[in-house]
Amino acid sequence: MKNEPRALLDPDRLFASDPAQRKIARRLYEAIEELPIVSPHGHTDAHWFSENAPFADPAHLLIVPDHYLFRMLYSRGIPLERLGIRRNDGGAVEEDPRAIWRTFAQNYHLFRGTPSRLWIDHTLSTVFGIHERLDANNADETYDEIDRCLKTEAFQPRALFERFGIEVLATTESPLDSLEQHRQIRESPWPGRVVTTFRPDPVVDPDFEGFQHGVRELGGLTGEDTESWSGYLRALAARRDFFRALGATATDHGHPSPRTADLDRKSCERLFAAARAGKLNAAQADEFRGQMLTEMARMSLDDGLVMQIHPGSVRNHNRDLFEAFGRDVGADIPARTSYVDALRPLLDRLGNEPRLSIILFTLDESTLTRELAPLAGHYPTLTLGPPWWFLDSPEAMLRFRRATTETAGFQNTAGFNDDTRAFLSIPARHDVARRIDCRYLAELVAEHRLEEDEALEVAADLAYHLVRRAYRLEHETLTS
Amino acid sequence: MKNEPRALLDPDRLFASDPAQRKIARRLYEAIEELPIVSPHGHTDAHWFSENAPFADPAHLLIVPDHYLFRMLYSRGIPLERLGIRRNDGGAVEEDPRAIWRTFAQNYHLFRGTPSRLWIDHTLSTVFGIHERLDANNADETYDEIDRCLKTEAFQPRALFERFGIEVLATTESPLDSLEQHRQIRESPWPGRVVTTFRPDPVVDPDFEGFQHGVRELGGLTGEDTESWSGYLRALAARRDFFRALGATATDHGHPSPRTADLDRKSCERLFAAARAGKLNAAQADEFRGQMLTEMARMSLDDGLVMQIHPGSVRNHNRDLFEAFGRDVGADIPARTSYVDALRPLLDRLGNEPRLSIILFTLDESTLTRELAPLAGHYPTLTLGPPWWFLDSPEAMLRFRRATTETAGFQNTAGFNDDTRAFLSIPARHDVARRIDCRYLAELVAEHRLEEDEALEVAADLAYHLVRRAYRLEHETLTS
Amino acid sequence: MKNEPRALLDPDRLFASDPAQRKIARRLYEAIEELPIVSPHGHTDAHWFSENAPFADPAHLLIVPDHYLFRMLYSRGIPLERLGIRRNDGGAVEEDPRAIWRTFAQNYHLFRGTPSRLWIDHTLSTVFGIHERLDANNADETYDEIDRCLKTEAFQPRALFERFGIEVLATTESPLDSLEQHRQIRESPWPGRVVTTFRPDPVVDPDFEGFQHGVRELGGLTGEDTESWSGYLRALAARRDFFRALGATATDHGHPSPRTADLDRKSCERLFAAARAGKLNAAQADEFRGQMLTEMARMSLDDGLVMQIHPGSVRNHNRDLFEAFGRDVGADIPARTSYVDALRPLLDRLGNEPRLSIILFTLDESTLTRELAPLAGHYPTLTLGPPWWFLDSPEAMLRFRRATTETAGFQNTAGFNDDTRAFLSIPARHDVARRIDCRYLAELVAEHRLEEDEALEVAADLAYHLVRRAYRLEHETLTS
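Chains as they are written, first to last, in my numbering: chain A, 92 to 571; chain B, 92 to 571; chain C, 92 to 571.
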């Protein structure tokens, strides 16, 4: 009786099983289920929407770009080559998408209890109409059905964007990007709102590969003299303007730590000169990055871009894999993070500026009650981003609300981000977040900590209104 | 149908919604609901009880002194001036209490999901008989009703103290305080038990504003030569005796970290001389504070005062606000804290002394299972204080019991502290703590980890007996 | 109506009280309840099984060896002498087992809410047929009944081993141990599988008492020249082989931190020479231990022994108690631990070796979502050990699954370890773990995150199959 045909998605999934709570959660969810998706932070490919070409095949759409999936398979001994991940040396990797798909299907049981399982089931069921749990036996049949779909117009990127009810989707680009795809999207008759995000790490982090080259290129793109500190800052401001003209409302910063600095001009010039010369030691590079966060905040005061700080990931922890396959192969590992002293220089300078908005993320849950909720529940400039990356999961989302609400409330949080490269998982991820928030609110109502009319307002805020306000994407005002 | 009239307080609030657990929780709560309130640690104003004058108005009673409330409002962009918080420069602030109250009422939705919401609702409902949820529409009506009450005898401080069922209430004073109010209270015919707590930070922390002046004043008050280390220690001992004579059973220490030291006499004398001369660097100031914790512990062995250590808060994190408004304006932020090495010098010297009692608090929940429960479950001198400050909330209280009970049990914890400046919130805060403890115990009973007759004993211990024992306020012995 | 006779063990204990979840939990538990016990990590005494002599008396069987019990009693002021713990100076301690038992029984209420309570109740009920809650009144009667049992053949070690359904039990020995008991067990006709574990701390940790003597002894035992680095490594490899011949499948490492190192040969030789001469400072000793973890991993690649790393305990925190009673008296306290940088040298060298298997443990729960689940969910060499020591309890086990499953899944975890010196608590501890895992799975099923047929497979994996695979104790393959 294993894996008999039955719906993959139960309508009550992720709600508490206590009947009193479940009933309330259902009512809250029904009221917000159909709200548009606002996706202000992610890593989808702008080419998809500018070109609107059909996706290649099931494996290269669903597995190869998703490091959540292949890191788990790798952890259980499956070489990345078998999953079609490109090697730097051009060495042989599995080229047959069906073979990759079969490997995945055979090992689908590894994802039990993980959010990947929820996302894939949701995608199979709601996007492709497949209602049987994936396994070795139905791998081929499932592959064929997805493949058949992908060849039809209804599964092209723009059609899916519309079907998913996406109101706005942000991608992330380097300041050196031409934003050509974004220009094309805006000039096309297609009404979908796809915007860019200004991610300056390649030209503000001296440890980034190609930093010096990038700084020179920045000069070329803007006509500024990026050999001088002031010209460098002007060049960054110019690119920010360019990004804003193509829809950007936010910047994003993936530094190793949230350290900030507020140095005098002379020190900045000295550090920048050494950075251009490749002569910073590790501590100086960290100080330079910290100074650049403060510079970016200062520019945000001028141009209104919302600032996102995503710290605490040790990138490319697995040396062998980095050498063989490069970045983003599932080997980034979070490390202990501290915000209280780290943010102080920036906050001392700009922490009470009403026009500045900084969204803080974390991979270190121990900071939630200790540092982040107290900071966001005090500083008018600070908002809490949603649970991120490894924490973008039902249990971690519940812990996030339980840890932050009592000190920072709901209005100091920024709604949900899907932060994904996996386009088809966007509805699934938002659905999980909405269900968990409704579940949390239902618990508050069932325990008489909040009344249901209030919970209904909050549910809509968490699903829709807060993210639009936090990312300055709104035209209307919040309902509450 | 928004905000229709209905009771603000459900009799089952904060109990789990599972019917089996809720039924048990109700029975436990009924058995302890009416026990007297023991409040051994707080920051109410002794003048209230010595003078027994009516409270001024709703805003200056309920909002202006409560940094939980105005920090949240400030985080959403409302200037402290609009809330009537005094500026250091005497600059203009809102003087009209009704205007302050309206601002609060208009923004009451910000507190959804926070303990402040529970406390205010409880106060409105049980103290003032107001049963409608506060909002912009009923702000004036609510204000008028509270104001009317405050003008009557039944709402004077001593009458409320009695109505709240407070058995004993501790305030907190500096060693330099004359304790005149406490003397008056004791000499008055009023039988209410209000005691002081010895908080020596101003004269043992070299970084405290006015430390040097304070040490000289300490000499003046005691007739000891506080220019010498031995005279300084004698002066502190003398003030402790004076505090004990006015009811103190405890000391309280709000150092940045729980660091302790156990230096030889020569080093102490050197450090103290440098402290008096204002010549300590940051590391030496920290060492001096650490030595003073050990000195205070040594004195506790002699005089029996219970020692409270409240570490881990970075005070006055917001520089602009500190300059404009001073201390205690909601800008203290917790930081990472470590106890294991920090307490070692003190514990090496006195950790097994049966007469010494130290109550440890934390703002860093990651220390609960890792450090604090193992320490308290071993050292006879150590007891765990209740969840404190940002953690004085339903979710954090539940996490506290789940994190500490399995290693330290119930008997190594110190019952509940309200730690508040907001006198009217005292019954509300104790009620939340009692409900959450009953809820936790009901869960243990429903899951057959404890039997109900035992849970009844524990519930009474947590609500009443343990705090009296921990603070040496009891006349009878514990029931269990 | 206090403590009236009733069954000590409810058949639904530890399952959630929500009826939907409880029903599923029961079905899962019924399916795995009777699976054999695999106990791959513990500290029982091999003499018990080689000699099979009757246990002495209730107190010396159940209380005196169990530091969980006497640390709690000590924390509430009961001197260790009253509990029969031997002093180093031979000073007087309680010798009468009945008196020790009475002290324990009088204070049994201290264990409310702790796992010790669950374990003792389970032992009394299932091993000795005692169904009344222990207290001062029934202390003697209970003592007599246990004592009566212990004098019968059915309660001798081998009989209990069989009655408990133990498939394999590992003890832990120093490389200097003769393993004589293990030889006797293997040569006896008794079919019980008792194996050893290679715990090299005494000869690889320069801070271990007697390290230099131990290294010389290691030379004597193996005929290698342990004055040279290469001879020392050969000697260790030889002892590993000897342990393997007596059934060992694993090594175990209890270093203060998980720090690893990967030094060149010259540096190793220099450090080792200084270690033998007793001339390492604290930092160098730490580096040497770190290098030895990498050496042990390298040897594991050759001989297939699974490596267990148990870091983060500050041993003998209570100086007075260490001087009076020695090690293992309940005064070890966990400290903050970090894995991400610490493991890097070892992982850079061997992290992708398919034949290497390292099981990581922690006492610092803040590392679970931040470091350990991401590491185990990526590196093929890493597996997560179960909640350990202070975390071997219902709440901590639940937190462990909630923290690790979403990122690392189930298959990167290593089943359960009881890690106990208290032989009679083994069935109780496995029962708690099985119940909590079933409860967690039931929650996933009730919330439609997993289907029940999958949960049944996972329940069997967690109770039985994963531990056999992780410790290379299996003959069959996993079902899933």
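Ideal placement from N, C-alpha and C gives every residue a C-beta, glycine not left out. Quick caveat: nothing in here was measured; it's all calculated off a predicted structure.
Legend entry - Bounding residues of the beta strand (DSSP E) (the contiguous stretch that carries Val-129(C)): Start and end: 128-130.
Legend entry - Where Thr-460(B) falls, given that 16 or more other Cβ within 10 Å makes a residue buried: Under the 10 Å beta carbon count, Thr-460(B) is surrounded by 16 or more other beta carbons and is classified as buried.
Inset, instruction - Return helix, strand or coil for Ser-571(C), following the three-state DSSP convention. - result: Because the pLDDT at Ser-571(C) is just 35, under 50, the model does not fix this residue reliably, and the value given afterwards should be weighed accordingly. The answer is coil: DSSP assigns Ser-571(C) none of H, G, I, E or B.
Inset, instruction - Specify the secondary structure class of Asp-238(A) as computed by DSSP and reduced to three states. - result: Here Asp-238(A) sits in helix by DSSP.
Legend entry - Short CB-CB distance (under 8 Å) between Thr-351(C) and chain E: Judged by its chain identifiers, the structure shown contains no chain E, and its protein chains are A, B and C.
Inset, instruction - Report the residues of the segment 534-566 of chain C with a CB closer than 8 Å to any CB of chain A, ordered along the chain. - result: For the segment 534-566 of chain C, the set of positions with a beta-carbon nearer than 8 Å to some beta-carbon of chain A reads Glu-534, Leu-535, Ala-537, Glu-538, His-539, Arg-540, Leu-541, Glu-542, Asp-544, Glu-545, Glu-548, Val-549 in chain order.
Inset, instruction - For Val-405(B), go through chain A and note every residue whose CB falls closer than 8 Å to its CB, in chain order. - result: Under a criterion of Cβ atoms nearer than 8 Å, the residues of chain A adjacent to Val-405(B) are, in order, Val-431, Asp-432.
Inset, instruction - Measure from the C-beta of Asn-372(B) to each C-beta in chain A and report whether the shortest distance is under 8 Å. - result: With 8 Å as the cut-off, Asn-372(B) does not count as an interface residue toward chain A.
Inset, instruction - Report yes or no: is there a C-beta of chain B within less than 8 Å of the C-beta of Leu-270(A)? - result: Taking a beta-carbon distance threshold of 8 Å, Leu-270(A) does not count as an interface residue toward chain B.
Inset, instruction - Could you tell me which residues DSSP puts in a beta bridge with Met-398(B)? - result: Met-398(B) is bridged to Thr-342(B), Ile-449(B).
Inset, instruction - Give the DSSP bridge partners of Phe-289(B), in chain order. - result: In DSSP, Phe-289(B) forms a bridge with Glu-264(B), Thr-342(B).
Inset, instruction - Tell me whether Ser-404(C) sits in a helix, a strand or coil according to DSSP, three-state version. - result: DSSP places Ser-404(C) in strand when its eight states are reduced to three.
Inset, instruction - Report buried or exposed for Glu-486(A), applying the criterion of at least 16 other Cβ atoms within 10 angstroms of its Cβ. - result: So Glu-486(A) counts as buried.
Inset, instruction - Run down chain C in chain order and give the residues with a C-beta less than 7 Å from the C-beta of Ser-457(B). - result: Against chain C, the beta carbon of Ser-457(B) has neighbours under 7 Å at Ser-457, listed in chain order.
Legend entry - When Thr-340(B), Glu-414(B), Arg-208(B) are compared against Arg-520(B), the one with the closest alpha-carbon: Checking every option, the nearest Cα to that of Arg-520(B) belongs to Arg-208(B).
Inset, instruction - State yes or no: is the beta carbon of Asp-528(A) nearer than 8 Å to at least one beta carbon in chain B? - result: Interface flag for Asp-528(A) against chain B is unset, since no Cβ pair is found closer than 8 Å.
Inset, instruction - Take Ala-341(C) as the anchor and find which of Pro-291(C), Glu-360(C), Phe-481(C) has the nearest alpha-carbon. - result: It is Pro-291(C).
Legend entry - Proximity test, Cβ basis, 8 Å: His-408(C) and chain B: Yes, its Cβ sits closer than 8 Å to a Cβ of chain B.
Inset, instruction - Report yes or no: is there a C-beta of chain B within less than 8 Å of the C-beta of Lys-466(A)? - result: Going by the sequence as given, residue 466(A) is Leu instead of Lys. Leu-466(A) counts as touching chain B.
Inset, instruction - With a 10 Å radius around its C-beta and 16 neighbouring C-beta atoms as the bar for buried, classify Asn-409(A) as buried or exposed. - result: It counts as buried.
Legend entry - Alpha carbon of Pro-96(C) to alpha carbon of Tyr-159(C), nearest angstrom: In this prediction, Pro-96(C) has a pLDDT of 41, which is less than 50 and means its spatial position is unreliable; what the coordinates show is noted afterwards. So the two alpha carbons sit approximately 27 Å from each other.
Inset, instruction - Note down, in chain order, every chain B residue with its Cβ under 7 Å from the Cβ of Ser-108(C). - result: Per Cβ cutoff of 7 Å: Asp-109, Ala-111, Gln-112, Ala-537, Glu-538.
Inset, instruction - Could you tell me whether any Cβ in chain A is nearer than 8 Å to the Cβ of Phe-452(C)? - result: Not a single C-beta of chain A is nearer than 8 Å to the C-beta of Phe-452(C).
Inset, instruction - Quick one: residues in its chain with C-beta nearer than 8 Å to the C-beta of Thr-217(B), no 5 flanking neighbours on either side, listed in chain order? - result: Only residues of its own chain outside the window of five on either side were considered, and among them Leu-100, Pro-518, Ala-519 have a CB closer than 8 Å to the CB of Thr-217(B), listed in chain order.
Inset, instruction - Say whether chain C places a C-beta atom closer than 8 Å to the C-beta of Ala-365(A). - result: Cβ-Cβ to chain C under 8 Å: no for Ala-365(A).
Legend entry - Range covered by the beta strand (DSSP E) that runs through Thr-474(A): Start and end: 473-475.
Inset, instruction - Use the C-beta contact count for Ser-279(C): other C-beta atoms within 10 angstroms, 16 or more gives buried, fewer gives exposed. - result: Ser-279(C) should be labelled exposed.
Inset, instruction - Spell out whether any CB of chain C is found under 8 Å from the CB atom of Ser-321(A). - result: The beta carbon of Ser-321(A) does not come within 8 Å of any beta carbon belonging to chain C, so the residue lies off that interface.
Inset, instruction - Answer yes or no: does any C-beta atom of chain B fall closer than 8 Å to that of Pro-477(A)? - result: Interface annotation, Pro-477(A): not in contact with chain B, CB-CB separation never under 8 Å.
Inset, instruction - Assign Ser-516(A) to one of two classes, buried (16 or more other C-beta atoms within 10 Å of its C-beta) or exposed (fewer than that). - result: Buried: at least 16 other Cβ atoms inside 10 Å.
Legend entry - Own chain partners of Ala-98(A) with C-beta closer than 6 Å, once the 5 adjacent residues on each side are dropped: If we look at Ala-98(A) and ignore the five residues flanking it on each side, its Cβ neighbours are His-222.
Legend entry - Cutoff 8 Å: Ile-154(A) Cβ touching any chain C Cβ: Chain C contact via Cβ: absent.
Inset, instruction - Spatial neighbours of Leu-564(C) within its chain, please: CB distance less than 7 Å, with the 5 preceding and 5 following residues excluded, ordered by chain position. - result: The residues Val-129, Pro-131, Val-259, Thr-340, in chain order, have a CB closer than 7 Å to that of Leu-564(C) in the same chain once the five nearest residues on each side in sequence are set aside.
Inset, instruction - Identify the continuous alpha helix (DSSP H) that holds Val-306(A) and give its terminal residues. - result: That run of the alpha helix (DSSP H) goes 302-313.
Inset, instruction - Assuming Pro-349(C) and Ile-400(C) form a contact by the criterion Cβ under 8 Å, report the distance between their Cβ atoms to the nearest whole angstrom. - result: Yes, Pro-349(C) and Ile-400(C) are in contact; Cβ-Cβ is about 6 Å, under 8 Å.
Legend entry - N- and C-terminal bounds of the alpha helix (DSSP H) containing His-574(A): Nothing about residue 574(A) can be read from this structure; chain A reaches only from 92 to 571.
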